[in-house]
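Trainee: Residue numbers (my numbering): 5 to 364.
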């Protein structure tokens, strides 16, 4: 989830920032005033086990963390500390999306931004640098979240989903399941995912999943997405045309982690992540499977450790000096050159943006 109340409080300032109309304001103090008392949890990595070798993922060649699954006692502690948005909050957010956010010039209006502000904002993400179906306790985790009225979402490779497992996640109350699919032929799939896959078998998985949802009358939304690369540009329209008339939400997603993997002819990344400044430090926190609290879901090795849920509550960690200093450095643009946010991320830092505008 993302802190929709933070977005509501900060939107006018954000608009001024993107339009270059902020001058000598104390951005650190200003954005610290916008954060919520209790942090919103964006992502809980229940496992970092994965059987893929994706070229665009730092897990493949860079991650050094040990492999494991989140202990259930830690997961239950986190779920107990998460507060779902109220019906009033959701209504205010829907009005904001319809009247303020998407018509605004600070968004491209592309499908990826829509997914980010609708699905990712409202549902707890249950994946990190791992493959959710490899977590044997995922069903129970979804059920525990559902009992607290916390919507859930996870993304996975369709070849890792089995019939009974998909039925179980539906029965547990999952809100969104996304299948990532990056090519319409075996060579393209292998190029990006590092594993041999058969297109017909993937299509069969799509069909079975659609049938299971329709047959049981579930409210779960099945999402199909293709990452946008240079080698699959000609396949994207065919992918959309084949599935957009079905009972699924389908879209093309910009390829991220371009600091790690860039390919000729890949279209420019136009998502909100790149043409706006990074808001993760202010609007949410994330957890790795061992209970480490990190300020960014892209921190694959936990190098930006803010705390641990076995030692402190999420609220205590959120308001710790460590977290406050991190937010301050983002707002002021004083992060060291070698910092993760500068060396291993594509997103803009708020303080850097302000300095650039001031020089201009």
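The beta carbon of each residue, even a glycine, is placed where N, CA and C say it ideally should be.
At which residues does the beta strand (DSSP E) containing residue 159 begin and terminate?
Mentor: Position 155 of the chain shown, counted from the start, is the residue given in the question as residue 159. From DSSP, the beta strand (DSSP E) with residue 159 extends over 156-160.
Trainee: Counting only the same chain and skipping the five closest in sequence on each side, list residues whose C-beta sits under 6 Å from that of residue 219.
Mentor: Taking the first residue of the chain shown as 1, we reach residue 219 at position 215. Answer for residue 219: no residue qualifies.
Trainee: Give every residue of the same chain whose Cβ lies closer than 6 Å to the Cβ of residue 300, excluding the five residues on either side of it in the sequence, and list them in chain order.
Mentor: Stepping through the chain shown from its first residue, residue 300 is reached at position 296. Around residue 300: 284.
Trainee: Per the DSSP calculation, residue 232 is bridged to which residue(s)?
Mentor: For this step, residue 232 is matched to residue 228 along the chain shown. DSSP lists 258 as partners of residue 232.
Trainee: Is the Cβ-Cβ distance between residue 2 and residue 43 less than 8 Å?
Mentor: Residue coverage of the chain in this structure runs from 5 to 364, which leaves residue 2 outside it and unanswerable.
Trainee: Using a Cβ-Cβ cutoff of less than 6 Å, which residues in the same chain neighbour residue 35 once the five nearest sequence positions on both sides are dropped?
Mentor: Sequence index remark: in the chain shown, residue 35 carries index 31 (1-based). Closer than 6 Å at the Cβ level, and outside the excluded window around residue 35, lie 286, 335.
Trainee: What are the start and end residues of the alpha helix (DSSP H) that includes residue 264?
Mentor: For the purposes of this step, residue 264 is taken as residue 260 along the chain shown, with counting starting at 1. Taken as a continuous stretch (DSSP letters only), residue 264 belongs to no alpha helix (DSSP H), as it is neither H nor E.
Trainee: Taking residue 305 as the reference, which of 86, 70, 332, 262 has the closest Cα?
Mentor: Mapped onto the chain shown, residue 305 falls at position 301. Answer by Cα proximity: 70.
Trainee: Counting pairs of Cβ atoms below 8 Å between the stretch 84-94 and the stretch 227-238, do you hit three or more?
Mentor: In short, these stretches do not touch, since the Cβ pair count stays below three.
Trainee: What are the boundary residues of the beta strand (DSSP E) that includes residue 298?
Mentor: As a position in the chain shown, residue 298 is number 294, starting the count at 1. Counting along the chain, the beta strand (DSSP E) containing residue 298 begins and ends at 296-298.
Trainee: Is it buried or exposed, residue 363, if we count other Cβ atoms within 10 angstroms and call 16 or more buried?
Mentor: Against the chain shown, residue 363 aligns to sequence position 359. Exposed, because fewer than 16 other Cβ atoms sit within 10 Å of the Cβ of residue 363.
Trainee: Among 177, 354, 80, 23, which has the Cα closest to the Cα of residue 147?
Mentor: By 1-based counting over the chain shown, the position of residue 147 is 143. Residue 147 has its Cα closest to that of 177, out of 177, 354, 80, 23.
Trainee: Which same chain residues end up closer than 7 Å to residue 143 when comparing Cβ atoms and leaving out the 5 residues on each side of it in sequence?
Mentor: As a position in the chain shown, residue 143 is number 139, starting the count at 1. So the list reads 172, 173, 176, once near-sequence residues are dropped.
Trainee: Taking 8 Å as the threshold (C-beta atoms), are residue 53 and residue 138 in contact?
Mentor: Stepping through the chain shown from its first residue, residue 138 is reached at position 134. Stepping through the chain shown from its first residue, residue 53 is reached at position 49. Result yes, Cβ atoms of residue 138 and residue 53 sit closer than 8 Å.
Trainee: Could you tell me how far apart the beta carbons of residue 48 and residue 291 are, in whole angstroms, since I believe they sit closer than 8 Å?
Mentor: Position 44 of the chain shown, counted from the start, is the residue given in the question as residue 48. Position 287 of the chain shown, counted from the start, is the residue given in the question as residue 291. The pair is a contact, with the Cβ atoms about 5 Å apart (cut-off 8 Å).
Trainee: Would you check if the distance between the CB atom of residue 265 and the CB atom of residue 116 is smaller than 8 Å?
Mentor: As a working mapping, residue 265 is identified with position 261 in the chain shown. As a working mapping, residue 116 is identified with position 112 in the chain shown. No, these two residues do not count as a Cβ contact at 8 Å.
Trainee: DSSP three-state call for residue 131: helix, strand or coil?
Mentor: By 1-based counting over the chain shown, the position of residue 131 is 127. DSSP places residue 131 in coil when its eight states are reduced to three.
Trainee: Which complete beta strand (DSSP E) runs does the stretch 193-223 hold, if anything under 3 residues is left out?
Mentor: None, since the stretch 193-223 contains no complete beta strand (DSSP E) of that length.
Trainee: Pick helix, strand or coil for residue 394, following the three-state DSSP scheme.
Mentor: Past the edges of the chain, shown from 5 to 364, lies residue 394, and the structure says nothing about it.
Trainee: Could you please give the first and the last residue of the uninterrupted beta strand (DSSP E) stretch that includes residue 82?
Mentor: Within the chain shown, numbered from 1, the residue matching residue 82 stands at position 78. Element bounds for residue 82: not the beta strand (DSSP E) but the alpha helix (DSSP H), 76-85.
Trainee: Under the rule that 16 or more other beta-carbon atoms within 10 Å means buried, what is residue 14, buried or exposed?
Mentor: One-based indexing of the chain shown puts residue 14 at position 10. Buried, since its Cβ has 16 or more Cβ neighbours within 10 Å.
Trainee: In the structure shown, what three-state DSSP assignment does residue 51 receive?
Mentor: Locating residue 51 in the chain shown gives position 47, counting from the first residue. It is a strand residue.
Trainee: Quick test of your reading: residue 197 and residue 5, contact by CB under 8 Å. State the CB separation rounded to the nearest angstrom.
Mentor: Counted from its first residue, the chain shown places residue 197 at position 193. Counted from its first residue, the chain shown places residue 5 at position 1. The pair is not a contact, with the Cβ atoms about 28 Å apart (cut-off 8 Å).
Trainee: Note the first and the last residue of the continuous beta strand (DSSP E) segment covering residue 64.
Mentor: As a working note, residue 64 is residue 60 in the chain shown. From DSSP, residue 64 is part of no beta strand (DSSP E); its letter is neither H nor E.
Trainee: Can you have a look at residue 345 and say buried or exposed, based on whether 16 or more other CB atoms are within 10 angstroms of its CB?
Mentor: Within the chain shown, the letter at position 341 stands for residue 345. Buried, because 16 or more other Cβ atoms sit within 10 Å of the Cβ of residue 345.
Trainee: What does the alpha-carbon distance come out to for the pair residue 156 and residue 132?
Mentor: What you label residue 156 is simply residue 152 of the chain shown in a count that begins at 1. What you label residue 132 is simply residue 128 of the chain shown in a count that begins at 1. So the alpha carbons of these two residues sit roughly 13 Å apart.
Trainee: Could you tell me if residue 113 is buried or exposed, where buried requires 16 or more neighbouring beta carbons within 10 angstroms of its beta carbon?
Mentor: Reading the chain shown from its first residue, position 109 is the one you call residue 113. Because the pLDDT at residue 113 is just 42, under 50, the model does not fix this residue reliably, and the value given afterwards should be weighed accordingly. Classification for residue 113: exposed.
Trainee: Taking DSSP's pairing of strands, which residues face residue 182 in a bridge?
Mentor: Start at 1 with the first residue of the chain shown, and residue 182 comes out as number 178. Answer is 159, 227.
Trainee: Is it buried or exposed, residue 224, if we count other Cβ atoms within 10 angstroms and call 16 or more buried?
Mentor: Taking the first residue of the chain shown as position 1, residue 224 is located at position 220. Under this definition residue 224 is a buried residue.
Trainee: Using DSSP bridges, identify the partner residues of residue 290.
Mentor: To locate residue 290, count along the chain shown from 1; it is residue 286. Residue 290 is bridged to 47, 298.
Trainee: Along the chain, where does the alpha helix (DSSP H) containing residue 347 start, and where does it finish?
Mentor: Looking up residue 347 in the chain shown gives position 343. 344-347 is the span of the alpha helix (DSSP H), which, as asked, contains residue 347.
Trainee: Can you tell me whether residue 161 is buried or exposed? The criterion is at least 16 other CB atoms within 10 Å of its CB, across all chains shown.
Mentor: The residue you call residue 161 lines up with position 157 of the chain shown. Answer is buried; the Cβ neighbour count reaches 16.
Trainee: Please report how far the alpha carbon of residue 3 lies from the alpha carbon of residue 360, in whole angstroms.
Mentor: Since the first residue of the chain shown is 5 and the last is 364, residue 3 is not available in this structure.
Trainee: According to DSSP, residue 278 sits in a beta bridge with which residue or residues?
Mentor: Translated into positions along the chain shown, residue 278 becomes position 274. BP columns for residue 278 are empty, so no partner.
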